[in-house]
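First comes the structure, then the notes that go with it.
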Amino acid sequence: MDNIFGRLTWADVTLFEVFKDPSIDTAVASAAAWIAVLGAVAVVALLTFTRRWGWLWREWLTSVDHKKIGIMYMVLGFVMFARGIFEGVVMRTHQATALDGGILTPHHWAELFSTHGTVMIFFVAMPFITGFMNYLIPLQIGARDMAFPMLNQISLGLTAAGAALVMISLVLGVFETGGWTAYPPFTGAAFDPGPGPDYWVWAIVISGFGSMFSGMNFAVTIYKMRAPGMKYLHMPVFCWTALCTSILLTFALPPLTVAGLMQGLDRLAGFHFFTNDLGGNMMNYANLFWMFGHPEVYILILPAYGIYSELTSTFAAKQLYGYTSLVWATMSIAVISFCVWLHHFFTMGQSPTINAAFGIATAIIAVPTGVKVYVWMATLWRGRIRFTTPIVYMAGFFILFTIGGFSGIILANPAINYQVHNTQFIVAHFHNVLLPGMLFAIFAGIHIWFPKAFGFRLHETWGKVTAALWIAGFSMTFLPLYVVGLMGYPRRSSAYDNPEFVPYMIVTLLGAFVLLTAFAGLVGTFVVSIRNRRDLAVPLGDPWDGRTLEWATPAPPPHWNFPVIPQVRARDAFALEKVEGRPYVVPEEYRDIHLPPSTMAGVMCFLATTGLGFALTWWIWWLAALSAVSVLIWLIGHSLRDHPHVVIPAKEVHRSNQAWIEAIDLATPVDRDHETKRMNRGFAATDMAEAT
Amino acid sequence: MSNAKPMNAHPGMNLGYGEGAHDAEVKVFGFWVFLMSDLVTFGLVFAIFGTMVEATAGGPGPREVTNLHSVAIQTALLLGSSFAFSWASLSMKYHEGRWRTLFYLSFAATSALGFLIIEFLDFRHWIEIGAVPQRSGYLSALWALVGLHGLHVAAGLLWVGAMTAQILIFGLTDDIKSRVTRLGLYWHFLDIVWVGIFSMVFLAGIA
Amino acid sequence: MKPNIKTMVRSVTGEESEERSFYSLGLVLSILLTVASFATVISGLVPRDWMIPGLIVLAIVQIVVHLRIFLHIDLSRQKREDLLMLLFTVLLLGIMAFGTLWIMSNLAVRM
Amino acid sequence: MQSPRRSRLRACRAPLGALLAIVPAAAWADIANFLDPLGPIARFQRLELIWASVLILIAVLPVLVGAPWILWRYRRSNRDAGYAPGWSFNTRLEIAMWGVPVLIVIALGIWLTQATVRIDPYREIDLEMAEGFDIRLEGPPVAIDTVGLDWKWLHIYPDEGIATVGELVVPVDRPVTMRLTTDTVMQSFMAPGLAGQIYAMPGMVTRLNFIADRVGETFAENTQYNGPGFAEQRSPVRAVPRDEYILWTAAATGAPPLDERAYARLAASGTLDEAREAFGQEGDGPLVFTLPDRRLFLRIVARYVTGEAIAPENQPGSPVYDPETASLPDIAVVFGENGRPPSTGPASDAFAQGGICGAPAALTIANLGELPDG
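As they're listed, the protein sequences go chains H, Y, L and C. Numbering of the first sequence is given in my numbering, commencing with residue 673 and proceeding in unit increments. Numbering of the second sequence is given in my numbering, commencing with residue 326 and proceeding in unit increments. Numbering of the third sequence is given in my numbering, commencing with residue 7 and proceeding in unit increments. Numbering of the fourth sequence is given in my numbering, commencing with residue 10 and proceeding in unit increments.
In structure tokens, the structure reads:
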């Protein structure tokens, strides 16, 4: 062994690049590396000085509570989101100056669009939706935890390992430059022997396993852990969308894993799956990747649809219109999403018959999606709509997402697709569906469920201004790209020579800064809300006149969620109780509650797989073997020990629940007009009761 | 009550009713979902193999790599292993002692080990005749598909080892029975994948 | 109230031999089908064009036998979720595998 | 031929300078693109875009108008508006919600199928097609073999015996039948004013057919990212009158030959500017060559199907590619003495359709095994 660090050398450390060769380009690269390093150091220092290590370990890292795991997913998503946003702004700055050049080198630009896409899809969007599903599913179906709590923690560990690898690539070496899709042979060993594509492969494969396990876990939880009496058609729509997303995760991740591992074998072991020579075939990669890639879009968007469904009905104080239609639409989207993948490569040369078949399938998937939008409109119709922050996001969603869908159906036509494929039109389209479609739903969802998770609401004015900024920023940044796309500006292009693009790119740049402000607004919302948490507190647990079971618990809910597993008779279980005037019933009898024990399995898997991915990237074989063997030995050892459940005595459950019920008895219900005022302590007077 | 059959969840468990059975049912179903996902993985590797059957690039093809004697022995060993496992499940279900179950389990493991050894000899032969995965797209796909299955069998063996240790430590508790049941599903599932491999890779390759 | 395990074990010993013969049937069927597959290719009795379809049919039959006998998939209520999951998987796999072969073979012809 | 698009890759040009660069935008107004096409294919695609948009608007407009109206009308403070908290189903509404989109999708589906078949890029533009588009056809198709290199397009005119880099010239009213491949990573060729794009991949041949029906200029670009010079892989396409085309081909006869050595140098990673420098050409015009070996395109494709691994030094686009030692395979070694593929096996049909000098219409992964070793 000539080098214990494999092919990693001092020259790969990017921190000092700017001093060796000062330019805007190296300054950006080194600054990013320093931010990553200093950020990590700052977190460690903060934890050390506040003596929070034990707390972090006991309360969070080893916890198998689905609520805490959900929150950790959201935190991971936010850290990566900060990176993704900054990358986006740097890219837009470059593009605005890119007439015949630009401030960055083409290589650095390529690294940026590749990491931006990878980070945003795999380490922002995926953790966000996984976080939401983790937090909400057990609460909404009346369960105490996931079906597999330890596996849940392991999933988080694997996702975080992927994210860690992408972050490490900021400091050590370079990242892949072929975009988030990483098409070979460009990313093959013959053209890019460096560590970049390896970082991508292992980050994606490892986090992909995490997502796949999450999907199985959610699916089994929803299938098997529903509260007694909760039939499938009694589930909240969010659970339906989560169920379909879980099934997609379970079945759509394998193609990505297969493609990633084959690419890894090509690069590491000289296999010929996607190489130029000896029978390799890069078209197989495109095929496999999009067999995952298209369902992935619906993995991200379906839970967002679930959030929109919950929020329209809550903030219009109405029963959801067309529940059955929504369920059918969700299920058909889930199945059809497996039949459309070829539309990502209409231009590869296959016959018009195949193109037309997949084009039609793509157009068909627009039907259930359209139905959903109509359903939400019908739900708002004859409602009593409260203009809280979530509704502001929803309003933006209605207009912008519809435009995104519009461009989507245009793209479904192969004849047109030949002209706009791989241009900025595509960039505009998928940002148009993912930002208003998914990200707005996440932000709206955060406003709705943050009080449930932490016991206090988010500041309403800050929230609304931030929402408006997101809407404006999105429109300015991405709508102009449709035009330049039609004019023939390819995506991923570091420069252009048509001066007509310049005005559009300047608007786009301004938009990017608005988005950055919006992100600052989001951070500001959190800071202001935490400062005013006493005024915003909603300990009684139901600030929004909620309809589903999670609102029938205090905020934040106890570790065991429900003192007694609820009996369910119908849809919108909690709303029904409120309308009938008997919410918050005291259970007749309390029992001991058994909860799964804490475990360090997630941390172990995180460390081992990060080590493994890093080792395979840099060819550090001893580390790869050590990581793989150590996690195997740990898991087998774990299975040979007894792990008794944590028992919460009935008395403790009784005490905690009684305190909450008594607080409610003392409180007065708050009218919806005062929903965002200080007097909202989480005990809602329902609009619905007044009407019936 | 007296005539209640203990077949509430899956074969190999007589857990009675109540929390334990529900818990086992959830876990077995969860494992079933995992197997289905794994089935998709295998199916895709099969499909890729299908697209690469002719990509031999002038190197060794199906005729050169197929040794029907070896494939027949491997098939027999794997089927025998699967059958032995079902015997282990039965003794776990109907008999209380742990040794009987362990006895059949050791049969299943030995047989699977034999399978791996023969497969390893095949691999060695392939390397000798230059049929290495670096030679062509076809060989890459072949090694990936057969190797993935072999890796699953090896992981299964490791699992049998861990399971044996668990049975020795804890005895046949409800929890352990549920785990053995899941291992059984995995074991039989690998046999199904092998049916696909010997038919579609080896036999169809020389047909 | 848990039923006494001992009495239950006694009440089901008749079933044990029943299950044993079922498993044995599975073994015999598997052996027969495997032998048939091998014979299809090496006996020389089957015309070349029929070999691959024959192998596919035999493999599918054997997989069904395995699923039914070794993996205990049946049409009863308690297995319904497993069966539905299996059928759904087969549907998706069918879409993906068939789609892959369709697309890639078409591309191979047109390249 | 001096056009303002000739750009140089200046990584760190002062950003402010680029922002304020006063480039005559008028020069760009004449450059055709998808929205202002030069030929019937792109024009048809534009028409598709317009009609598809109109049709989709039927489903989209109710949302764009209705959603804001509903949000405003049913605000909580408006006590005049009705309130129906239990209203959750209406059969007629359901039928409309599902029915209207279904009808639109049926219409779109029929439409897109017809359009897709009609402008299949592999379909040669014949008299029947020309009639459908209501254009003239004057003269036989022009065969062009396009090779994607890092980071420029090489256009081979096998019948005229010339090759160009940095410019594509086509005669008006004569169909162009283009075969594409690359000698590096995957690329995607698009000339927006004439037709959509098609992928070009090493060892494979894809096709693109189009025709220009008016004189003008558009551009050809790569849309599939392939490295630092990607943004530079864009060059003018001129549709010229037939006489001018003949003059243009005649003028090229004195150009240097694109022999194996010259090709090896051309294939090295580099932008058009760098290629000009390598070939000692001044100014910013295109590189023009004569074609000593009319089977160059075929040999480039054959590089990937010899049944032997490609050494990185012999792989254009690889960081260690060495143009001094790189070579293309001998066509006879790969395809047999007469440069034709074997007469049996699935490959033969595909090869039989081949056009120029027995070139394959299809060189597939699938028929690799059928090729003779020589």
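Beta carbons: idealized from backbone N, C-alpha and C, even for Gly. As the structure is a computational prediction, the values presented were derived from the model and not from experiment.
Asked	Found
Could you tell me which residues DSSP puts in a beta bridge with T191(C)?	G157(C)
Do the region 1083 to 1100 of chain H and the region 1016 to 1025 of chain H make contact, defined as three or more Cβ pairs closer than 8 Å?	yes
Determine, using beta carbons only, whether S49(L) comes closer than 7 Å to chain Y.	no
With contact counted as at least three CB pairs below 8 Å, one residue from each stretch, are the region 151 to 163 of chain C and the region 269 to 281 of chain C in contact?	yes
Of all Cβ atoms in chain H, is any one closer than 7 Å to the Cβ of V378(Y)?	no
So, helix, strand or coil for A221(C), using DSSP?	coil
DSSP three-state label for V457(Y), please.	coil
Shorter than 7 Å from the beta carbon of W160(C) to some beta carbon of chain H?	no
Within a Cβ cutoff of 8 Å, which residues of the same chain sit near W773(H), ignoring the five residues on either side of it in sequence?	The residue you asked about is not Trp; residue 773(H) is Gly in the sequence shown. For G773(H), where only same-chain residues beyond five positions count, the Cβ hits under 8 Å are A1167.
Taking only beta-carbon positions, decide if I1063(H) is within less than 7 Å of chain Y.	no
Quick one: is Q362(C) near chain L, going by C-beta distance under 7 Å?	Caution is warranted here: a pLDDT of 35 is assigned to Q362(C), below 50, making its placement in the model unreliable, and no coordinate value can be reported.
List, in chain order, every chain L residue whose beta-carbon is nearer than 7 Å to that of F432(Y).	None at all; the shortest Cβ gap to chain L is about 13 Å.
Step through the CB atoms of chain H and report whether any lies within less than 7 Å of the CB of L467(Y).	no
Over what stretch of residues does the beta strand (DSSP E) that includes T299(C) continue unbroken?	296 to 299
Report the neighbours of A532(Y) on chain C: residues whose CB is nearer than 7 Å to its CB, in chain order.	What A532(Y) touches in chain C: nothing, since even the nearest Cβ is about 16 Å away.
Name the two residues that bound the continuous alpha helix (DSSP H) containing V1199(H).	1173 to 1203
List the endpoints of the continuous alpha helix (DSSP H) containing S997(H).	995 to 1008
By DSSP's criteria, I1265(H) is part of a beta bridge. Which residues make up the other side?	I1320(H)
Hey, would you say L1279(H) sits closer than 7 Å to A1287(H), going by beta carbons?	no
Along chain Y, which residues have their Cβ under 9 Å away from the Cβ of G316(C)?	T381, A382, G383, G384, S461
Measure the alpha-carbon distance for W725(H) versus L719(H) and round it to whole angstroms.	6 Å
Looking at C-alpha atoms only, which residue of V892(H), T1002(H), D864(H), L1188(H) is the closest neighbour of L940(H)?	D864(H)
Would you check if there are 3 or more beta carbon pairs closer than 8 Å linking the region 522 to 530 of chain Y to the region 49 to 65 of chain L?	yes
What's the gap between the Cα of G749(H) and the Cα of L1107(H)?	15 Å
Does the structure place the region 299 to 314 of chain C close enough to the region 322 to 338 of chain C that three or more beta carbon pairs sit under 8 Å?	yes
Can you have a look at L680(H) and say buried or exposed, based on whether 16 or more other CB atoms are within 10 angstroms of its CB?	buried
Unbroken alpha helix (DSSP H) runs of length 4 or more, entirely within the region 1283 to 1354 of chain H: which are they?	1293 to 1311, 1322 to 1338
Hey, does A356(C) have any beta-carbon neighbour from chain L nearer than 7 Å?	In this prediction, A356(C) scores a pLDDT of 37, lower than 50, which makes its location untrustworthy; no coordinate-derived value is stated.
Taking CB distances under 7 Å as the criterion, tell me whether E226(C) reaches chain H.	no
So is the beta-carbon of L1158(H) under 6 Å away from any non-hydrogen atom of the ligand PLP?	For the structure depicted, the ligand PLP is absent and the ligand set is empty, with no information on it obtainable.
Decide if the region 72 to 92 of chain L is in contact with the region 25 to 34 of chain L; the criterion is three or more beta carbon pairs, one per stretch, under 8 Å apart.	yes
If I measure Cβ to Cβ from G789(H) and keep anything under 7 Å in the same chain, skipping five residues before and after, which residues do I get?	G851, W852
Can you pull the DSSP bridge partners for H164(C)?	T155(C), T173(C)
Distance, Cα to Cα, T173(C) vs T1061(H)?	59 Å
Let me know the secondary structure DSSP gives R243(C) once reduced to three states.	strand
In whole angstroms, give me the CA-to-CA distance for G105(L) and I793(H).	25 Å
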